[in-house]
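Only one structure is covered here, and it is reproduced in the block below.
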Amino acid sequence: MADGENDLILDVKNLEVKFYHDQGVVSAVNGVDFNIGEGQSIGFVGESACGKTVTASTVLRILPPSGDIINGTINFRDTSGQIKDLAQYDSDSSELRKIRGNDIAMIFQEPMTAFSPVHTLYNQISEAILLHQDLPQKEVRARVINLLDQVGIPEPEERVDDYSFEFSGGMRQRAMIAMALACEPRILIADEPTTALDVTIQAQVLKLIKDMQQDYGLSLHLITHDLGVIAHMVDYVYIMYLGRIVEKGPIQEVFLDPKHPYTRDLLGSIPSIKGVEGKIASIQGSVPDAYHMPPGCSFHPRCRDVVGDKCSSAVPQSVEIEPEHYTSCYKYTDRGVKENVKHVR
Ligand SMILES: Nc1ncnc2c1ncn2[C@@H]1O[C@H](COP(=O)(O)OP(=O)(O)O)[C@@H](O)[C@H]1O
Ligand SMILES: [Mg+2]
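Plus 72 on top of the position in the sequence shown (first one is 1) and you've got the working numbering.
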């Protein structure tokens with residue numbers, strides 16, 4: 073979390089998103105607060121289907137038509153210092169088109185879907201540049217080649233005219249990062265950027281994202297289901313479960329002293345962090361079906377640490393356990409640990 077409200081480049085409050093289908097309503101995001109400071113790195117972690125991608129897609133307003141923002145504000149501070157609530161604009165308004173790519177760029181797990189198979193990399197990356205900047209062709213070409221070079225694509229002068237399917241998975245991911253950086257965005261949203269890659273390439277791509285973040289002074293919003301990936305990448309982590317943030321805090325703090333039973337279970341399933349050899353503890357049960365959110369704390373049906381009936385009847389408030397470290401669990405509001413609790417909100 074940034075020190076002061078003034079440093080925030082993005083400030084999302086009470087975000088609620090639902091999908092409406094014939095089969096029913098999916099409550100994908102249920103009152104999420106998060107923010108990103110200028111140049112800061114935050115991470116969203118949680119099992120699959122917990123709402124990480126929907127939250128990020130809502131910021132960029134690229135939800136499918138069945139999805140709707142029910143509540144909340146998405147305050148983005150532009151370069152002139154003006155605050156714009158992205159939730160208020162029409163998703164295909166010129167304001168949002170300008171912000172997408174130009175101010176906030178997103179990269180995905182599967183770069184194959186980000187590139188068109190019928191256009192060369194040059195065509196696509198140059199198009200991204202020309203959408204936002206009026207530059208002579210020659211300069212655009214030099215810029216695209218330079219970007220490919222920066223992200224570590226060998227012989228960029230030749231490869232620039234290749235199609236994305238001529239690239240390996242790792243190289244394609246690098247090309248997608250080059251495309252995302254083409255307009256020098258201020259926020260990079262990286263949604264499972266390395267999940268489809270093998271471990272060695274994964275480490276290279278993560279390092280590249282970190283280097284680019286430093287070179288470009290980017291703010292990073294990293295999404296992953298893998299706590300191991302997030303450990304070295306972000307300053308502040310949000311643990312998400314069924315559309316809610318159950319714990320958030322400085323990365324070291326949350327890793328060394330996780331509070332929420334869900335975070336503890338997630339961390340328990342990473343042997344290298346716990347130092348448990350070979351044994352991967354899995355979280356009991358599975359993420360419930362999206363059409364049927366459990367009442368109360370949505371983790372209670374899987375929780376090893378249920379405190380009482382209230383776990384299944386009302387959503388626990390978020391309490392600050394240590395500076396900047398919050399969790400939503402009745403263990404911390406009820407069990408005489410109040411002296412450790414700075415304030416409830
Ligand atoms: N187009 C959609 N229609 C209905 N439900 C959706 C749609 N997209 C996502 N969801 C649901 O929203 C929830 C959150 O999904 P998502 O954000 O993709 O999870 P994550 O990225 O954490 O794996 C899931 O229950 C998912 O099934
Ligand atoms: Mg996702």
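In this text, a Cβ means the ideal position worked out from N, Cα and C, and glycines have one as well.
*Residue range of the beta strand (DSSP E) that D157 falls in?*
Translated into positions along the sequence shown, residue 157 becomes position 85. Per DSSP, D157 belongs to the beta strand (DSSP E) from I155 to D157.
*Which residue's Cα is closest to the Cα of L299: K279, L290, A159 and L338?*
Counted from its first residue, the sequence shown places residue 299 at position 227. For the residues K279, L290, A159 and L338, the minimum Cα distance to L299 belongs to L338.
*Determine the direct distance from the alpha carbon of L82 to that of S236, and round the result to whole angstroms.*
On the sequence shown, residue 236 is found 164 positions in, with the first residue counted as 1. On the sequence shown, residue 82 is found 10 positions in, with the first residue counted as 1. Approximately 32 Å between the Cα atoms of the pair.
*Should E88 be counted as a contact of ligand 1 given a C-beta to heavy atom distance under 8 Å?*
The residue labelled residue 88 in the question sits at position 16 within the sequence shown. No, the Cβ of E88 stays beyond 8 Å of every heavy atom of ligand 1.
*State whether the region 145–159 contacts the region 320–328, with contact taken as three or more CB pairs (one from each stretch) at a distance under 8 Å.*
Segments in contact, no.
_Three-state secondary structure assigned by DSSP to F371_ = To locate residue 371, count along the sequence shown from 1; it is residue 299. Of the three classes helix, strand and coil, the one that applies to F371 here is coil, per DSSP.
*Residues of its chain near S59, where Cβ-Cβ distance is below 8 Å and the 5 sequence neighbours each way are ignored*: Outside the displayed span of the chain (73 to 417) sits residue 59, for which this structure offers no information.
*Which word fits Y92, buried or exposed, when buried means at least 16 other C-beta atoms lie within 10 angstroms of its C-beta?*
Along the sequence shown, read from residue 1 onward, the residue named residue 92 stands at position 20. Label assigned to Y92: exposed.
*A247 and L220 look like a contact to me (Cβ under 8 Å); what is the Cβ gap, rounded to whole Å?*
Along the sequence shown, read from residue 1 onward, the residue named residue 247 stands at position 175. Along the sequence shown, read from residue 1 onward, the residue named residue 220 stands at position 148. Confirmed, about 7 Å.
*Would you mind working out which of K320, I302, I142 and Q196 sits nearest I393, comparing C-alpha positions?*
Along the sequence shown, one-based indexing puts residue 393 at 321. Closest by alpha carbon: K320.
*asked:* Is any non-hydrogen atom of ligand 1 found closer than 8 Å to the C-beta of I114, if you look at the structure I gave you?
replied: As a first step, residue 114 must be located in the sequence shown, where it is residue number 42. Because no heavy atom of ligand 1 lies under 8 Å away, the Cβ of I114 does not count as near it: no.
*Cβ distance (whole Å) where K90 is taken to contact S99 below 8 Å*: What you label residue 90 is simply residue 18 of the sequence shown in a count that begins at 1. What you label residue 99 is simply residue 27 of the sequence shown in a count that begins at 1. Contact flag correct, Cβ pair sits at about 5 Å.
*asked:* For ligand 2, I want to know if I295 counts as a neighbour, meaning its beta carbon is within less than 8 Å of at least one of the ligand's heavy atoms.
replied: In the sequence shown, the residue the question calls residue 295 occupies position 223. For ligand 2, at least one heavy atom lies less than 8 Å from the Cβ of I295.
_Which listed residue (H372, S291 and Y402) has its alpha carbon closest to that of D79_ = Working through the sequence shown from its first residue, we reach residue 79 at position 7. When each option's Cα is compared against that of D79, the closest is S291.
_Please state whether the Cβ-Cβ distance between A128 and D283 is less than 9 Å._
The count along the sequence shown starts at 1 and reaches residue 128 at position 56. The count along the sequence shown starts at 1 and reaches residue 283 at position 211. Not a contact, by the Cβ cut-off of 9 Å.
*Cα-Cα separation, L87 to M312*: Taking the sequence shown and counting its residues from 1, the one referred to as residue 87 is at position 15. Taking the sequence shown and counting its residues from 1, the one referred to as residue 312 is at position 240. The C-alpha of L87 lies about 13 Å from the C-alpha of M312.
*asked:* Whole angstroms are fine: how far does the CA of G357 sit from the CA of R374?
replied: Mapped onto the sequence shown, residue 374 falls at position 302. Mapped onto the sequence shown, residue 357 falls at position 285. Put simply, the backbone Cα of R374 is about 6 Å away from that of G357.
*9 Å Cβ cutoff met for H397 and P322*: Working through the sequence shown from its first residue, we reach residue 397 at position 325. Working through the sequence shown from its first residue, we reach residue 322 at position 250. For H397 and P322, yes; Cβs fall inside 9 Å.
*Identity of the residue in K170, V126, P367 and K279 nearest S385 by Cα*: Reading the sequence shown from its first residue, position 313 is the one you call residue 385. Residue P367 is the option with its Cα nearest to S385.
_Mapping the DSSP letters down to three states, classify P322 as helix, strand or coil._
Position 250 of the sequence shown, counted from the first residue, corresponds to residue 322. In this structure, P322 counts as strand in the three-state DSSP scheme.
*Roughly how many angstroms lie between the CA atoms of L278 and V223, to the nearest whole one?*
As a working mapping, residue 278 is identified with position 206 in the sequence shown. As a working mapping, residue 223 is identified with position 151 in the sequence shown. Distance between the alpha carbons of L278 and V223: 11 Å.
*Tell me whether K170 is buried or exposed, calling it buried when 16 or more other Cβ atoms sit within 10 Å of its Cβ.*
Here the question's residue 170 lines up with position 98 in the sequence shown. Counting Cβ neighbours within 10 Å, K170 comes out exposed, since fewer than 16 surround it.
*Return yes when the Cβ of Y334 is within less than 9 Å of the Cβ of V309, no when it is not.*
Counted from its first residue, the sequence shown places residue 309 at position 237. Counted from its first residue, the sequence shown places residue 334 at position 262. In this structure, Y334 does not lie closer than 9 Å to V309 by Cβ.
*Apply the 10 Å Cβ neighbour rule to D233 and answer buried if 16 or more other Cβ atoms are within range, or exposed otherwise.*
Sequence index remark: in the sequence shown, residue 233 carries index 161 (1-based). Exposed, since its Cβ has fewer than 16 Cβ neighbours within 10 Å.
*Within 8 Å: the Cβ of E17 and any heavy atom of ligand 2?*
There is simply no residue 17 to check, as the chain begins at 73 and stops at 417 in what is shown.
*How is the alpha helix (DSSP H) around R244 delimited, first residue to last?*
As a working note, residue 244 is residue 172 in the sequence shown. Its alpha helix (DSSP H) spans residues G241 to L253.
_Can you tell me whether G340 is helix, strand or coil according to DSSP?_
The sequence position of residue 340 within the sequence shown is 268, counting from 1. G340: helix per DSSP, three-state reduction.
*Unbroken alpha helix (DSSP H) run spanning R231, endpoints*: As a working mapping, residue 231 is identified with position 159 in the sequence shown. Its alpha helix (DSSP H) spans residues P228 to R231.
*Provide the residue span of the alpha helix (DSSP H) that contains L168, from first to last.*
If you number the sequence shown from 1, residue 168 lands on position 96. It spans S166 to N174 - the alpha helix (DSSP H) in which L168 sits, taken as one unbroken run.
*According to the Cβ coordinates, are N123 and G380 closer than 9 Å?*
On the sequence shown, residue 123 is found 51 positions in, with the first residue counted as 1. On the sequence shown, residue 380 is found 308 positions in, with the first residue counted as 1. Residue identity check: residue 123 is Gly in the sequence provided, not Asn. Their beta carbons are not under 9 Å apart, which means G123 does not touch G380 by this criterion.
*asked:* For ligand 1, is there any heavy atom lying closer than 8 Å to the beta carbon of F91?
replied: Residue mapping note: residue 91 aligns to position 19 of the sequence shown, counting from 1. Yes - ligand 1 has a heavy atom lying nearer than 8 Å to the Cβ of F91.
*Would you mind listing the beta strand (DSSP E) stretches within the region 79–141 that are 3+ residues and don't spill past its ends, in chain order?*
80–93, 96–109 and 113–117
*asked:* Can you look up Y313 in the DSSP assignment and give me helix, strand or coil?
replied: Mapped onto the sequence shown, residue 313 falls at position 241. DSSP places Y313 in strand when its eight states are reduced to three.
*Please look up how many angstroms separate the CB atoms of Q181 and P257, rounded, as I've assumed it's under 8 Å.*
The residue given as residue 181 occupies position 109 in the sequence shown. The residue given as residue 257 occupies position 185 in the sequence shown. With a Cβ gap of about 19 Å, Q181 and P257 do not count as contacting.
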